[in-house]
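A.B. asks: The structure is given below, and queries will be raised subsequently.
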Amino acid sequence: MGSGSLADRAGAPLQRLLLSAVEMGEMRCAGTPHQLALALGVMSSPSNDAQRMSVRFSWGAEARQADILPCFVVGELVKRTPHAPWDVKGRALDLAEPDGGPRGELSPNPARDALANENSHHGDLLILPGSAEISHGGSSGLKTLTWWRYAAVRFPNALWVGKCDDDTLLNVPRLLARMGPALRDPPPRALFGSLVWACYSPARFKWETAAENRPCGRSSFAQSRAPGEAANLSLTYEGPYQFTLGWFFAMPHSLGRLLASCR
Numbered sequence: 585m586g587s588g589s590l591a592d593r594a595g596a597p598l599q600r601l602l603l604s605a606v607e608m609g610e611m612r613c614a615g616t617p618h619q620l621a622l623a624l625g626v627m628s629s630p631s632n633d634a635q636r637m638s639v640r641f642s643w644g645a646e647a648r649q650a651d652i653l654p655c656f657v658v659g660e661l662v663k664r665t666p667h668a669p670w671d672v673k674g675r676a677l678d679l680a681e682p683d684g685g686p687r688g689e690l691s692p693n694p695a696r697d698a699l700a701n702e703n704s705h706h707g708d709l710l711i712l713p714g715s716a717e718i719s720h721g722g723s724s725g726l727k728t729l730t731w732w733r734y735a736a737v738r739f740p741n742a743l744w745v746g747k748c749d750d751d752t753l754l755n756v757p758r759l760l761a762r763m764g765p766a767l768r769d770p771p772p773r774a775l776f777g778s779l780v781w782a783c784y785s786p787a788r789f790k791w792e793t794a795a796e797n798r799p800c801g802r803s804s805f806a807q808s809r810a811p812g813e814a815a816n817l818s819l820t821y822e823g824p825y826q827f828t829l830g831w832f833f834a835m836p837h838s839l840g841r842l843l844a845s846c847r
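Positions 585 to 847 (the numbering used here) are the ones given, in order, by the sequence shown.
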């Protein structure tokens, strides 16, 4: 592979494409009345600036040419969350902290100034009210609903709305081919992505892989009991339901509005 930065190897035409959004005042992630094939929320952690740049110089540039608008979603707040009860080492670290460990406290995102500066250059980064990162692990579960609400209002003429992660490598030509005519004429009820049968425990905020006709709570994890956990949590699993795996999924705008109305 040749030397030089990713931007250098991408070539001048692609650099001009990436710069055009700001240079031409086309900050479309702030909202647009124009029709989009897909408004796509890309869940990203504050420190993942290199991953965001990789998306911009790879599939993100292709997507924009196909009327697919990727917008990075970063939390406005940071939630100090405890480790799960079954994470023995993590729980020990929590308890060793001077205040006895995190209790779900919320604080402003300390990276907000750097993120605002990044957005001033690229115009594709959203810090949505009420969205939150967590102090360790993934975070999109605390940001996804804010994205659906934002997309319902700011992209009223998007045909599809969706989400993915910033480490997802989206094959845009294959996506266009797989969606086919439905991309421009979505059915009223549809879900495009990877679907699995799973059961969910609201007591644990965890899901287990299942099958369509198999009772819930049968997996070894569901039947396990970590120190400090209540007994018989395997009985709290509901389903089975069809879950979408979070690396990418999309739905018609009408279903996105329905999700946005959830409380």
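Even glycine gets a Cβ: it sits at the ideal position worked out from N, Cα and C.
Everything numeric in this text was worked out from a predicted model, so none of it was measured.
1) Return helix, strand or coil for Tyr821, following the three-state DSSP convention.
2) Which word fits Asp870, buried or exposed, when buried means at least 16 other C-beta atoms lie within 10 angstroms of its C-beta?
3) Could you give the distance in angstroms between the alpha-carbon of Val639 and the alpha-carbon of Asn755?
4) Between which two residues does the beta strand (DSSP E) holding Pro654 run?
5) Using only the alpha-carbon positions, how far apart do Arg733 and Ala844 sit?
6) Just checking, does the region 648-664 make contact with the region 608-624 on the three C-beta pairs under 8 angstroms criterion?
7) For Gly674, which residues in the same chain have their Cβ closer than 6 angstroms to its Cβ, ignoring the five residues on either side in sequence?
8) Closest to Pro811 by CA distance: which of Thr730, Arg802, Asp671, Pro786 is it?
9) Given this structure, state the Cα-to-Cα distance separating Ala614 from Val737, to the nearest angstrom.
10) Going along the chain, which residues of its own chain have a beta-carbon closer than 7 angstroms to the beta-carbon of Glu794, five neighbours each way excluded?
11) Let's see if you can read the secondary structure: which residues bound the beta strand (DSSP E) around Met763?
12) Quick one: which unbroken beta strand (DSSP E) runs of 3-plus residues sit fully inside the region 662-738? Chain order, please.
13) Three Cβ pairs or more, each shorter than 8 angstroms: is that satisfied between the region 627-634 and the region 687-705?
14) Pick helix, strand or coil for Asp633, following the three-state DSSP scheme.
15) What does DSSP give as the partner residues of Gln826 in its beta bridges?
16) With a threshold of 6 angstroms on Cβ separation, who are the neighbours of Gln619 within its own chain once the five nearest residues in sequence on each side are excluded?
17) In the DSSP assignment, find the unbroken beta strand (DSSP E) run with Leu622 in it and report its ends.
18) Quick one: using the 10 Å Cβ neighbour count with 16 as the cut-off for buried, is Gly725 buried or exposed?
19) According to DSSP, is Ala844 part of a helix, a strand, or is it coil?
20) From Glu813 to Pro669, what does the alpha carbon distance come to, in whole angstroms?
21) Whose CA, out of Glu717, Asp750, Val662, lies closest to the CA of Ala634?
22) I'd like to know whether the C-beta atoms of Ser838 and Leu817 end up nearer to each other than 8 angstroms.
23) By Cβ distance below 8 angstroms, which residues in the same chain neighbour Thr820 in space, the five residues on each side in sequence not counted?
24) The alpha helix (DSSP H) with Gly644 in it runs from where to where?
25) Is it buried or exposed for Gly659, if we count other Cβ within 10 angstroms and need 16 for buried?
26) Helix, strand or coil for Leu743, going by three-state DSSP, please let me know.
C.D. replies: Walking through what the data contain:
1) As a first step, residue 821 is located in the sequence shown; it is residue number 237 there, counting from the start. DSSP places Tyr821 in coil when its eight states are reduced to three.
2) Nothing about residue 870 can be reported from this structure: the residues present for the chain run from 585 to 847 only.
3) Along the sequence shown, one-based indexing puts residue 639 at 55. Along the sequence shown, one-based indexing puts residue 755 at 171. Their Cα atoms are separated by approximately 11 angstroms.
4) Mapped onto the sequence shown, residue 654 falls at position 70. Its beta strand (DSSP E) spans residues 652-664.
5) Position 149 of the sequence shown holds residue 733. Position 260 of the sequence shown holds residue 844. Computed Cα separation, rounded: 4 angstroms.
6) yes
7) What you label residue 674 is simply residue 90 of the sequence shown in a count that begins at 1. His667, listed in sequence order.
8) Translated into the one-based positions of the sequence shown, residue 811 becomes position 227. The option with the nearest alpha carbon to Pro811 is Asp671.
9) Residue mapping note: residue 614 aligns to position 30 of the sequence shown, counting from 1. Residue mapping note: residue 737 aligns to position 153 of the sequence shown, counting from 1. Approximately 11 angstroms, taken between the alpha carbons.
10) One-based indexing of the sequence shown puts residue 794 at position 210. The question names Glu, yet the displayed sequence has Ala at residue 794. Counting only Cβ-Cβ distances below 7 angstroms, and skipping sequence neighbours, we find Trp781, Ala782, Cys783, Cys800, Gly823, Pro824.
11) The count along the sequence shown starts at 1 and reaches residue 763 at position 179. Run containing Met763: none in the beta strand (DSSP E); it sits in the alpha helix (DSSP H), 756-763.
12) 689-692, 709-718
13) yes
14) In the sequence shown, the residue the question calls residue 633 occupies position 49. In the structure shown, Asp633 sits in a helix (DSSP, three-state: H, G or I).
15) Here residue 826 refers to the residue found at position 242 when the sequence shown is read from its first residue. Bridge partners of Gln826: Trp781.
16) Walking along the sequence shown from the start, residue 619 turns up at place 35. Result list for Gln619: Asn741, in chain order.
17) Counted from its first residue, the sequence shown places residue 622 at position 38. It spans 620-627 - the beta strand (DSSP E) in which Leu622 sits, taken as one unbroken run.
18) Your numbering for residue 725 matches position 141 in the sequence shown. Counting Cβ neighbours within 10 Å, Gly725 comes out exposed, since fewer than 16 surround it.
19) On the sequence shown, residue 844 is found 260 positions in, with the first residue counted as 1. In the structure shown, Ala844 sits in a helix (DSSP, three-state: H, G or I).
20) By one-based count along the sequence shown, residue 813 stands at place 229. By one-based count along the sequence shown, residue 669 stands at place 85. In a straight line, the C-alpha of Glu813 is about 7 angstroms away from that of Pro669.
21) To locate residue 634, count along the sequence shown from 1; it is residue 50. Out of Glu717, Asp750, Val662, Asp750 has the C-alpha closest to the C-alpha of Ala634.
22) Locating residue 838 in the sequence shown gives position 254, counting from the first residue. Locating residue 817 in the sequence shown gives position 233, counting from the first residue. No.
23) Residue 820 sits at position 236 when you count from the first residue of the sequence shown. If we look at Thr820 and ignore the five residues flanking it on each side, its Cβ neighbours are Ser785, Pro786, Ala787, Arg788, Gly801.
24) In the sequence shown, counting from the first residue as 1, residue 644 sits at position 60. Its alpha helix (DSSP H) spans residues 643-649.
25) Working through the sequence shown from its first residue, we reach residue 659 at position 75. By the 10 Å Cβ count, Gly659 comes out buried.
26) Start at 1 with the first residue of the sequence shown, and residue 743 comes out as number 159. Note: Leu743 maps to strand in three-state DSSP.
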